[in-house]
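The structure appears below as structure tokens.
Chains as they are written, first to last, in this note's numbering: chain A, 22 to 804; chain B, 318 to 467.
Given below as structure tokens:
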């Protein structure tokens, strides 16, 4: 069907063809008309020439007739009757057509058409009447009858009476009239020819004019079409190039624009110097042979940018109009870049540029397949940054991102070129070590940990980071899922074991993980069943040895696990959100205890009961309402309660941070004491502290533990203490376990202290008993 | 519809061109007009085979002869002073000897075809004049008329 349509001849399909058709038809019509007219004119002229000849002959015959009559009348031999007959016959034939007789054999018999034209016919009729009168007069003269009495039929009024004179007058008039008729006929023929010539001229001029108009139309149509196509080509962003035997023959303006170079410079072999060397051979093959139908190549423009082009190749070497190979090219640079970027993005982490989880899995699958054949070992390291969430929460995500990039750079610097370093998501990295055994994997893990030892400088802060690393080595039959899961377990074990370290996967770990998963459920149940209780660790004034307060510590009496310390389950409650309920329980219980102590009259002057508040509780909002509600419910003086918050709350950014500080300030103004817990491990600065309502700085046990023998720890403790004093705060040292530590922190200026040296955590009843006793009781408890 | 109108436009252009050319050609013919004076009394002179019709007498002074040939043959009109009864003939005895005519204000209009005519202004002194056609045999066949100018 389509084939049929394509071969159907449609001569009038385009406007140009229609105009050409009109020109041809006009020429044909004009020519046909002209030729017909000419042929007719020629035919008529030929007839009329014969008529003129016969008419002119009448003159001769008339004169001959008179001479013959006179001869015959004089008795000489003559044949006037024959001449009279010839005269009469000729006159008839001239008028009505027919065969004109030959005269004396000096001319041939001629067939004449009837004469047309009114004047000519009238004249010929007159001539016939005169012939009649002449021959009648001749007959009368030869018959010796009176010539003057012969009636005249042509209106002539001859007054001469001499018969010969009369005959001669009649002959003269006859010949004159015949010649006149001949002249009329000839003139008419001339006029006809003149008319034909005029018509021919008119036709010629009209035809010329029409052709001119149509040609102008054709030119207009062609120009419009050419302009149409030119504008299509020039305005198109498509690049059009034509290659012939001599090289590039045509480039569209868009090519010039793209390359920043006039099109004339690209003709011949000029174009090839823009083409990438790798693509030149393929492009040449396409432009010389017209195949393949699609070719990709790169061009470098004047600004040294590489552009990717995709061209359709059309072989028009057989086309008489083109004689070359045409390339219709599109600039696909952006598309190619996008494709490359998408490919990269699909397998790389956008933040750090490392391989992503998908690429890591792919590499691991390949490596596993490879090791199955070669029996080479391989190892997977799963690295999770410790405390990254705190950085993100306190310094914001930008700082977190910067930290991840920094860490990625450090890890990349300590892994081998053949290793695959990937960021699996969040703060979780992974390393694939091909051909590595366990000792080698441990070695790499150590190097990773060491790379984090130098502090990271972010947002004008110096952060100290650590990481927990899980290691698993490849084994026969394991797939990538197994390995990643096992490495994850090992990593978790490393975190459990105290962070900043690595663990190699052991099969027992799977069981331990299962236990942990069951923990949340048990905790929730324990909260409902009242399995949690508060224990109080006294805080001591180093100068007076007096008990100035106590830190409430929550413990869990698990029916299956026994007594569980807070460190074992707090992180679980924080991740699951159970901390909110637990925090509320602790506050309520502490307030209840204060009321009990007050009722028993055991509370010394200025005694403060400190309650730990999780960062999550602070950032969630509503802490002020909760505290006020519990205080008023238990009818407790706010000054008897203290809240220990982590540094996170002090430096938290954004609306949540502002709200948290506002709520804490409102509690502070109410009289509630505020302490910053674990001070020195976070990222709070002097500036933050000045704006923050706080009474006490609790110096972290990690500094206190080394204070007696590590000059660095001693210096930090001294600095923190003087910082607290400079801000008008109380400095409290945590974790005092020996007399030498106590002496050291007292030497460094700490005001209060807390630790096993003084007292373990105890129940409210035990503390009341202690408070009711004297210092000896304390000494006894600490002993 | 649009295509048809465009085709009609081409056709009308061609026709217009042809018409213009024709008009120019005919106009050249029309531009030839007959010259003549417009003063004096009009005297009608009619010729046909073989007689001349004209008034027998006219007053002297300038007159316009409106001559017309009704044919069918071609005729001339010559006006000549008449002395005696007949004009002198040539030796052939068939035509008037024009050389022998009085060369006083002769009027000669030659070769008028059938249906043609002309106007001639003349100022004839009083006398007898002959109007005639001098084609071979025409004078003797009766194509003459005497005109008296008083």
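Every residue gets a Cβ at the ideal spot worked out from N, C-alpha and C, and that includes glycine.
Since the structure is predicted, the reported quantities are computational estimates derived from the model, not experimental observations.
Item	Value
Enumerate in chain order the residues of its own chain whose CB-to-CB distance from residue 414/B is below 7 angstroms, with the five nearest sequence positions on each side excluded.	405, 406 and 407
Using a Cβ-Cβ cutoff of less than 8 angstroms, which residues in the same chain neighbour residue 244/A once the five nearest sequence positions on both sides are dropped?	none
Count the other C-beta atoms from every protein chain shown that fall within 10 angstroms of the C-beta of residue 777/A, then say buried if there are 16 or more, exposed otherwise.	exposed
Return the first residue and the last residue of the beta strand (DSSP E) that residue 489/A is part of.	487-494
At a CB distance below 9 angstroms, what residues from the segment 386-402 of chain B approach chain A? Give them in sequence order.	388, 389, 390 and 391
Report the residue ranges of all alpha helix (DSSP H) runs contained in full by the segment 230-285 of chain A; include only those spanning at least 4 residues, in chain order.	274-280
In whole angstroms, give me the CA-to-CA distance for residue 141/A and residue 68/A.	14 angstroms
From residue 380/A to residue 491/A, what does the alpha carbon distance come to, in whole angstroms?	20 angstroms
For the segment 430-456 of chain B, list every residue whose C-beta sits within 9 angstroms of some C-beta in chain A, in sequence order.	430, 431, 432, 452, 453, 454 and 455
Does residue 428/A pass the burial test, meaning 16 or more other C-beta atoms within 10 Å, or should it be called exposed?	buried
Does residue 464/B pass the burial test, meaning 16 or more other C-beta atoms within 10 Å, or should it be called exposed?	buried
Shortest alpha-carbon distance to residue 361/B belongs to which of 455/B, 452/B, 394/B and 398/B?	394/B
Between the Cα of residue 215/A and the Cα atoms of 773/A, 733/A, 277/A and 66/A, which residue gives the shortest distance?	66/A
Would residue 56/A pass as an interface residue toward chain B - the criterion being a Cβ-Cβ separation below 8 angstroms?	no
Short of 7 angstroms in beta carbon distance, which residues of its chain neighbour residue 85/A, apart from the five on each side in sequence? Order them along the chain.	104
Does the Cβ-Cβ distance between residue 399/A and residue 459/A come in under 8 angstroms?	no
Return the residue from the list 649/A, 284/A, 486/A and 313/A that minimises the CA-CA distance to residue 805/A.	Outside the shown range of chain A, which is 22 to 804, sits residue 805/A, and nothing can be said about it.
Below 8 angstroms on C-beta distance, what does residue 143/A contact in chain B?	388, 389 and 431
Counting only Cβ-Cβ distances shorter than 8 angstroms, please list the residues of the segment 364-385 of chain B near chain A, keeping chain order.	365, 366, 367 and 368
For residue 27/A, does the count of other Cβ atoms within 10 angstroms reach 16, so buried, or fall short, so exposed?	Only weak support exists for where residue 27/A lies, its pLDDT of 45 falling under 50; the coordinates are left without a value.
Give every residue of the same chain whose Cβ lies closer than 8 angstroms to the Cβ of residue 746/A, excluding the five residues on either side of it in the sequence, and list them in chain order.	752 and 770
Check residue 504/A in the structure and name its three-state DSSP category.	helix
Which whole runs of the alpha helix (DSSP H) in the segment 556-614 of chain A are 4 residues long or more, in chain order?	587-597
Considering just the uninterrupted stretch of the alpha helix (DSSP H) at residue 142/A, what are its terminal residues?	139-163
Counting C-beta neighbours from all protein chains within 10 Å, is the total for residue 377/A 16 or more, i.e. buried, or is it exposed?	buried
Looking at residue 401/A: is its Cβ nearer than 8 angstroms to the Cβ of residue 385/A?	yes
Residue 376/B: buried (16+ other C-beta within 10 angstroms of its C-beta) or exposed?	exposed
CA-CA distance, residue 697/A and residue 501/A?	45 angstroms
Check each residue of the segment 407-419 of chain B: if its Cβ is closer than 9 angstroms to any Cβ of chain A, include it; give the result in chain order.	409, 410, 411 and 412
Anything in chain B within Cβ reach of residue 147/A, meaning under 8 angstroms, just list it in chain order.	366, 389 and 390
Check whether the segment 267-275 of chain A and the segment 286-293 of chain A are in contact - that is, three or more C-beta pairs closer than 8 angstroms.	yes
Can you name the residues of chain A whose CB is closer than 9 angstroms to the CB of residue 459/B?	176, 177, 178, 179 and 180
Residues of chain B with CB closer than 8 angstroms to the CB of residue 140/A, please, in chain order.	388, 389, 430, 431 and 432
With 9 angstroms as the C-beta to C-beta threshold (strictly closer), list the residues of the segment 232-247 of chain A near chain B in chain order.	232, 233, 234, 235 and 238
Compare the Cα-Cα distances from residue 515/A to each of 556/A, 375/A, 470/A and 275/A and report the closest residue.	470/A
Below 7 angstroms on C-beta distance, what does residue 193/A contact in chain B?	411, 453 and 454
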